[in-house]
Amino acid sequence: MNRADEDDFRAFVAARSPSLLWFAHLLTGDRHAAEDIVQTALAKTALGWSRVRGKDNPEGYVRRAIVTTHLNAQRRRPWREQPRQFMPDDELPPPGQLRPEDEHADRDAMWQALAELPPRQRAVLVLRYYEELSEAEISDVLGCARGTVKSQAAKGLLHLRRIFEKEEAHS
Amino acid sequence: MTDVEELLRETLSDPRRKVEPGPGMYETVRARTRDLRRRRSTIGVASLAVVAIAIVGSVLGVQHTDHHTATATLGKTSPPASPAHGTLGTAIDIGNSLTVVDAVTTTDGLYVLAADPNKVVLLSPEGAEVKATAAGPTGAPSGVVVGGGRVWAWSQNSHDVRVYDSKTLSFIAEFTVQEAIFNVVAIDNELYFTTDQGLKVAHADVQSNGVTTNVGSITLTGSTYGLAADPTRHRLLVGVMASGSPPTSGFVGMQVVAIDTRTGKVVAHSSPTALGKESIAVVGDQVWVGGYGDVDKPRLLHLDAKTLKILGTSPIGAQVGPGSIVWPGTNVVWARGGGGEQLGCLDPKTGAVLETWSAVQGPVTSVGGTAFGVENGLQPLTLAGGCTG
């Protein structure tokens, strides 16, 4: 990487890493895994930065690298660490203080429900409902057919609905 | 009726899920880029070397069929630089195409927790023969521990825990924990586990084949995660989030706390470590702690077992990426980068790297000169270079 590329890449990392980390956190549910994946994706990007910087959307390229790095890692690790809702570093209220009427309770329940989804279903939902990508764009990112995107999204949403229906039936 | 799609959008946009990059993010990325470039270049050079050796070998084979020694010399590699680079043996067949999730080896046998379908399998110590099998916990199986003649297998997502006899795997009891289980150790007839609600204890009552939870006087509450048994000193070592004067700004990491299992009292604690999601390994009088944290601080720490004073780190600490995970062996400590695949066998007294493996991603267990890694099944690790498992 020459000096101009180096400066450009440094500026890109400084400007976009918070957004990339947020995205990776949504995919993984684990802030440490998110940091690891973003670093890996950025390192891969750095190797071809002179080519990537010329693209219309370099950040989109890195996000694709984040998704594929994450899904590849999950495929290779049947023993993988499970994403957890209550990690020590999650800034959640102390035990016993998370009340049902808490304004964040529904979102926390949804975050926990997302942790139960298989990685690919979760990735499809994050790309659809956070990145607001179309089915065609998601199929491009994941390298799968549009029909697969549609069925994965439907299965993921169905699973989430069932969890909330069960909770509502309980309450 | 909850609008799931709307709630999903709100959850994914919730600013509480935003993660700030740690200091030194760019430097870490550059270091990983250099490492990646080096690895690709090594693979390229190695491939060229293999091709060159094959070509030269075939030429020599054709032209001088009686000079086999010439090709043999070319094929030889120079003695490995210290530390030794280990290899993986042939994966152990536990039958039925089961997916290995966790394993524990003891002098009595090799205990394997498998999925699809969930099973606990007892093999002979070297893994050659299946001695017994039993149905595993419900949900996604997470881990297996052995202690006091009991085998305990648990699932993190279903909170289901099953107890078996360690000789026969005959089922003793089953119970459900209300909270999310993080880490587990078994000592004598009791199971200790950290949860999102603190440290808990389960007692297996063999007489009535029942289990009671939260026995004893240990009442460590709050955020606990890492857990290890120190049977020599009758202690549990627990990772507890270090508390500053609230509101604490920034991440202060966790402390290791020692609890006397006979009294339930805290008898020693370390200073804050700047680590989270930690793992703790006790090997004799040495304690090692791995975890995730800032890349400009050690993510692999050596502690004195009695005082829990932080003594130092290991040379492998600089290669572990954003974090490290540790497991205890009989004579060594195993350490692997949290985001990588490089596994190291360390001298627990000095942290010196005795042997490394380039691709072991799962848990590692060892006893009496045999070691196994979970990597596409259960695979024996060849031990050399002073690594005795």
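Protein chains in written order, with the working numbering: chain A, 162 to 332; chain B, 1040 to 1428.
Backbone N, C-alpha and C define an ideal beta-carbon position, used for all residues, glycine too.
key: Sequence-distant residues of its chain with Cβ nearer than 6 Å to Leu-1305 of chain B (five each side left out)   = The question names Leu, but residue 1305 of chain B in the sequence shown is Val. Val-1296 and Ile-1298, listed in sequence order.
query = When you compare each of B:Leu-1314, B:Ala-1313, B:Gly-1128 and B:Leu-1342 to Val-1326 of chain B by their alpha carbons, which one comes out closest?
reply = B:Leu-1342
query = Name the chain A residues whose beta carbon is nearer than 7 Å to that of Leu-1060 of chain B?
reply = One detail in the question is off: residue 1060 of chain B reads as Pro in this sequence, not Leu. By Cβ distance, chain A contributes Ser-178, Pro-179 and Leu-182.
message = What are the residues in the segment 1045-1057 of chain B lying within 8 Å of chain E by C-beta distance?
response = The structure shown has no chain E; the protein chains it does contain are A and B.
inquiry  = Excluding the 5 residues flanking Leu-278 of chain A on each side, which residues of the same chain have their C-beta closer than 8 Å to its C-beta?
reply    = Leu-286, Gly-317, His-320 and Leu-321
key: Cβ neighbours of Ala-306 of chain A in the same chain (closer than 8 Å, five flanking residues each side left out)   = Closer than 8 Å at Cβ, skipping near neighbours: Ser-300.
ask   = Which residue comes first and which comes last in the beta strand (DSSP E) that contains Gln-1418 of chain B?
value = 1417-1419
query = DSSP three-state call for Gln-1325 of chain B: helix, strand or coil?
reply = strand
inquiry  = Cβ closer than 7 Å: which chain B residues qualify as neighbours of Ala-284 of chain A?
reply    = Contact of Ala-284 of chain A with chain B by beta-carbon distance below 7 Å is absent, the smallest such distance being about 12 Å.
ask   = Using the rule of at least 16 other Cβ atoms within 10 Å of the residue's Cβ for burial, across every protein chain shown, is Pro-1122 of chain B buried or exposed?
value = buried
request  = Check the Cβ-Cβ distances between Asn-1157 of chain B and every residue of chain A, and say whether any is below 8 Å.
outcome  = Not an interface residue.
task = Check each candidate in A:Ser-178, A:Ala-172 and A:Leu-187 and name the one with the smallest Cα separation from Arg-1055 of chain B.
result = A:Leu-187
task = Just grab the DSSP bridge partners of Tyr-1150 of chain B for me.
result = B:Val-1143 and B:Leu-1161.
query = Any C-beta of chain B sitting closer than 8 Å to the C-beta of Arg-281 of chain A?
reply = no
key: DSSP three-state assignment for Ser-1405 of chain B, whether helix, strand or coil   = strand
inquiry  = In the DSSP output, what is Leu-1385 of chain B paired with across the bridge?
reply    = B:Val-1372 and B:Val-1392
ask   = Thinking C-alpha only, which one of B:Pro-1311, B:Ile-1364 and B:Gln-1358 is nearest Asp-1074 of chain B?
value = B:Gln-1358
query = Which residues of chain B have a Cβ atom closer than 7 Å to the Cβ of Leu-288 of chain A, listed in chain order?
reply = Here the premise fails: no neighbours, minimum Cβ distance about 10 Å.
Cβ contact check for the segment 267-284 of chain A and the segment 166-185 of chain A: 3 or more pairs under 8 Å = no
message = Please report the distance separating the alpha-carbon of Gly-1323 of chain B from that of Val-1365 of chain B.
response = 15 Å
task = Compute the beta-carbon to beta-carbon distance between Trp-1396 of chain B and Leu-1127 of chain B, rounded to the nearest angstrom, for a pair I have assumed lies under 8 Å.
result = 7 Å
query = Can you list the residues of chain B that Glu-277 of chain A reaches, using a CB-CB cut of under 9 Å?
reply = Asn-1196
query = Checking contacts by CB at 8 Å: is Arg-268 of chain A closer than that to chain B?
reply = For Arg-268 of chain A, the closest Cβ of chain B is nearer than 8 Å.
task = Return the CA-CA distance between Tyr-1203 of chain B and Ala-1241 of chain B, expressed in angstroms with no decimal places.
result = When rounded, the distance between both Cα atoms is 14 Å.
message = I want to verify the contact list: residues of chain A whose CB lies under 8 Å from the CB of Lys-1336 of chain B, in sequence order.
response = Going along chain A, no residue has its Cβ under 8 Å from Lys-1336 of chain B, so there is no contact; the nearest lies around 14 Å.
query = Does the segment 1176-1188 of chain B come close enough to the segment 1226-1241 of chain B to have 3 or more Cβ pairs within less than 8 Å?
reply = yes
ask   = Just checking, does the segment 1394-1412 of chain B make contact with the segment 1331-1351 of chain B on the three C-beta pairs under 8 Å criterion?
value = no
request  = Could you tell me whether the Cβ of Arg-1201 of chain B comes closer than 8 Å to any Cβ of chain A?
outcome  = Taking a beta-carbon distance threshold of 8 Å, Arg-1201 of chain B does not count as an interface residue toward chain A.
message = How far does the beta strand (DSSP E) with Tyr-291 of chain A in it extend, from its first residue to its last?
response = Careful: Tyr-291 of chain A lies outside any beta strand (DSSP E) and carries neither H nor E.
inquiry  = Using a Cβ-Cβ cutoff of 8 Å, what residues of the segment 304-317 of chain A are near chain B? List them in chain order.
reply    = none
ask   = Can you find at least 3 beta carbon pairs, one from the segment 1166-1175 of chain B and one from the segment 1214-1224 of chain B, that sit closer than 8 Å?
value = no
message = With distance defined between alpha-carbon atoms, name the residue in B:Gln-1195, B:Gly-1237, B:Val-1159 and B:Tyr-1065 nearest to Thr-1207 of chain B.
response = B:Val-1159
key: Residue from B:Asp-1141, B:Leu-1149, B:Gln-1400 and B:Ile-1211 with nearest C-alpha to Ser-1181 of chain B   = B:Asp-1141
task = Give a yes or no on whether the minimum CB-CB distance between Val-1151 of chain B and chain A is below 8 Å.
result = no
task = Return the first residue and the last residue of the alpha helix (DSSP H) that His-186 of chain A is part of.
result = Here the alpha helix (DSSP H) through His-186 of chain A covers 164-189.
query = Hey, Ala-1374 of chain B and Gly-1383 of chain B: beta-carbon distance below 8 Å or not?
reply = yes
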